[in-house]
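Structure record follows, encoded as structure tokens.
In this note's numbering, the protein residues as written are 9 to 167.
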């Protein structure tokens with residue numbers, strides 16, 4: 009600011025440019041810090057949502073496995089859906105608890121499969137669940153419902 013004969017005459021152009029530059033740099037730093045904070049918050053929320061979903065799905069699977077309806081298999085080849093069968097990549101059984109909302113009542117046939125997941129470079133767990141009343145006993149339980157698979161967990165590193 010110049011002083012001419014005791015009276016202020018105003019700011020020079022250089023002073024205005026310097027003050028605007030300093031203000032702009034401060035605003036960029038402040039908004040950059042806020043952006044980093046918001047990104048960290050969103051990432052934390054995303055991780056929390058994923059963990060919560062996984063916990064809910066695993067709790068529902070645990071409840072379904074705890075309510076397996078064991079039935080005696082009288083003859084070989086008859087009532088093949090009534091047996092519990094599994095290997096290292098699949099498990100099938102009859103349960104009194106449905107995981108999916110489309111099967112709200114009665115006993116359900118359930119099949120869990122573990123497969124490689126191309127999207128997440130890990131593994132995924134898929135479920136096939138059908139109301140037991142609507143199943144034809146002559147169907148092959150190992151091939152039953154393969155078109156109706158639903159992925160319930162993905163991105164799993166090890167099962």
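No residue lacks a Cβ here, since even glycine has one placed at the ideal position from N, Cα and C.
Quantities reported herein were computed from a predicted structural model and do not represent experimental measurements.
query, result
"Does the beta-carbon distance from residue 123 to residue 134 come in below 8 Å?", "yes"
"DSSP three-state call for residue 61: helix, strand or coil?", "helix"
"So, do the segment 41-60 and the segment 89-108 have three or more beta carbon pairs nearer to each other than 8 Å?", "no"
"Going by the beta-carbon positions, is the gap between residue 115 and residue 74 smaller than 8 Å?", "no"
"Residue 26 by DSSP, collapsed to three states: which one?", "helix"
"Give the single residue among 57, 131, 22, 38 whose Cα lies nearest to the Cα of residue 163.", "131"
"In the structure shown, what three-state DSSP assignment does residue 101 receive?", "strand"
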